[in-house]
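J.:
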Ligand code: ASP
C-alpha cells in the first residue's frame, strides 16, 4: 500500500449520531461543526490528506433517508468524481446498509472508494467510537495500491475495526459498537495495529470502462415476511396493489413457505401479471435453495426468483434500481439472480 500523501477526500455528512458533540456551556448534544473538523479531530492532520467537507442541509436522522436523497448523493459525488481520490459518507447507522447497498448499484464500474461510516456514540462524547471510525475511513478512502489505483474501489461500510462490502451488511445490534455484520461474505480489511487489506476479497473495476452513475430508482416495491398464520386476504390485497412491480419475500430457512394452496396461487397469479417476486431468507446466514424442500419448490413453480444469499437491504435496493433501468420484466428477474456488484454468491461459498 502506498502512502496517502497529497490525497484528496470528500467527506459528506448526511446526519446521524456521529455528528453530535456536547455544548460546553449547556452540556446538551448539538450538531458538530464539520467545517472545524481538524480542530475537533487533530489526529486527521497526521494522515496528510486534504479533506473537503460537504454537509446535508439540514442533516437527517437516517430513518428519514429516501431514494431522492440517494440520487442526490450519487449526483454530488459524480459531479466531483475526478477531483477526489475517495469519498467518506457519514451516515446514521439505522439505514446505513440500505444506503450502502443502493449506492453500490447506482455506481457502475466504480474506480474509487466510497466508505460509509457512523457511530453508536456521538463524536463529542467520551468513549465515542466515532473518532476511530472516521479516522480509519479517511485512511481507507485515501489508500492506493503501488500501481496508483485505489486500494478498495467499492462502496463499503467501515465500522468497529472492520471494512465490509456495503451491500453484504446489515445492522445487527442497536447498542454494541460492533453494529454491522456481513454474514455471507468475509471482511475486505481489518484494522488492528496494522490496517490489513484482504485483497482477494476486493473487487476490481474494468479499467477499459468508465464509471457510470445511475440516477433513477423505482420504489413500487414491498418487503413482506412469511409467518405461521399469514392471511390470504391481506396477501392478495398487497399483491394486487396498483403499480406494484416487485416484492422481496422473506421466507423461512432455505426459502420455504407454508403449503397453502391460496398462497401458491396468489403468487403464481402475481408473477403471471408481471410482478417480480424475490425470495430472501429470514435467516441472516446461508442461501436460498428452492429445490431443497417441497415447501420451497412450490415457490419456484409459482415463478419466484431466488435472492440467493442477498440481504433484505440489498435485495430491495437492487430490485428498485433494476426496475428503474429495465422495462422488460424477464431481464429484471434474470439480473436479480446475477452477481452485479459482489452482492450475491453465484457459487455458494
Ligand atoms: N437514529 C440514528 C440514525 O440512524 C442512529 C445513528 O446515527 O446511529 O440516524
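In our numbering, the protein residues as written are 4 to 352.
The beta carbon of each residue, even a glycine, is placed where N, CA and C say it ideally should be.
1) Quick test of your reading: residue 159 and residue 216, contact by CB under 8 Å. State the CB separation rounded to the nearest angstrom.
2) Extract the residue ranges of the alpha helix (DSSP H) inside the region 281-306, only unbroken runs of 4 or more that lie entirely within it.
3) Could you pull the start and end residues of the beta strand (DSSP E) that residue 34 belongs to?
4) Could you spell out where the beta strand (DSSP E) holding residue 342 opens and where it closes?
5) Quick one: measure Cβ to Cβ for residue 3 and residue 313, integer angstroms, because I've assumed they're closer than 8 Å.
6) Can you say whether residue 142 is buried or exposed, counting buried as having 16 or more other CB atoms within 10 angstroms of its CB?
7) Output the distance between the C-alpha atoms of residue 25 and residue 67, rounded to the nearest integer angstrom.
8) Nearer than 7 Å: is that true of the beta carbon of residue 3 relative to any heavy atom of the ligand ASP?
9) Would you call the region 189-203 and the region 153-167 in contact, with 3 or more CB pairs under 8 Å?
10) Got a sec, what are the start and stop residues for the alpha helix (DSSP H) residue 42 sits in?
11) Write down every uninterrupted run of the beta strand (DSSP E) in the region 139-178 whose length is 3 residues or greater and which is fully enclosed by it, in chain order.
12) In terms of residue numbering, what span does the alpha helix (DSSP H) encompassing residue 104 cover?
13) Check the C-beta distance from residue 254 over to residue 223 and give it rounded, since I have them as a contact under 8 Å.
14) Taking only three categories from DSSP, how would you classify residue 50?
15) Let me know if residue 126 comes out buried or exposed under the rule of 16 or more other beta-carbons within 10 Å of its beta-carbon.
16) Tell me which residues share the same chain as residue 319 and place their Cβ nearer than 7 Å to its Cβ, disregarding the 5 neighbours each side in the sequence.
17) Could you tell me how far apart the beta carbons of residue 20 and residue 121 are, in whole angstroms, since I believe they sit closer than 8 Å?
18) So what does DSSP say about residue 240, is it helix, strand or coil?
T.: Walking through what the data contain:
1) To locate residue 159, count along the chain shown from 1; it is residue 156. To locate residue 216, count along the chain shown from 1; it is residue 213. Contact doesn't hold; Cβ gap of about 18 Å is too wide.
2) 297-304
3) Locating residue 34 in the chain shown gives position 31, where the first residue counts as 1. Start and end: 32-34.
4) The residue given as residue 342 occupies position 339 in the chain shown. From DSSP, residue 342 is part of no beta strand (DSSP E); its letter is neither H nor E.
5) No statement about residue 3 is possible, as the shown extent of the chain runs from 4 to 352 and does not include it.
6) In the chain shown, residue 142 corresponds to position 139, counting from 1. Its Cβ being crowded by 16 or more others within 10 Å, residue 142 is buried.
7) Position 22 of the chain shown, counting from 1, holds the residue named residue 25. Position 64 of the chain shown, counting from 1, holds the residue named residue 67. Spanning the two alpha carbons is a distance of roughly 23 Å.
8) Since the displayed the chain opens at 4 and closes at 352, residue 3 lies outside it and no answer follows.
9) yes
10) In the chain shown, the residue the question calls residue 42 occupies position 39. 40-43 is the span of the alpha helix (DSSP H), which, as asked, contains residue 42.
11) Counting only runs of 3 or more, we get 158-162 and 165-168.
12) Taking the chain shown and counting its residues from 1, one reaches residue 104 at position 101. Here the alpha helix (DSSP H) through residue 104 covers 99-109.
13) For this step, residue 254 is matched to residue 251 along the chain shown. For this step, residue 223 is matched to residue 220 along the chain shown. Under the criterion of beta carbons closer than 8 Å, residue 254 and residue 223 do not qualify as touching, at roughly 21 Å.
14) As a first step, residue 50 must be located in the chain shown, where it is residue number 47. DSSP places residue 50 in helix when its eight states are reduced to three.
15) The residue given as residue 126 occupies position 123 in the chain shown. Burial call: buried.
16) Indexing the chain shown from 1 puts residue 319 at position 316. Contacts found: 224, 226 and 251.
17) For the purposes of this step, residue 20 is identified with residue 17 of the chain shown, where counting begins at 1. For the purposes of this step, residue 121 is identified with residue 118 of the chain shown, where counting begins at 1. With a Cβ gap of about 6 Å, residue 20 and residue 121 count as contacting.
18) On the chain shown, residue 240 is found 237 positions in, with the first residue counted as 1. Correct three-state label for residue 240: helix.
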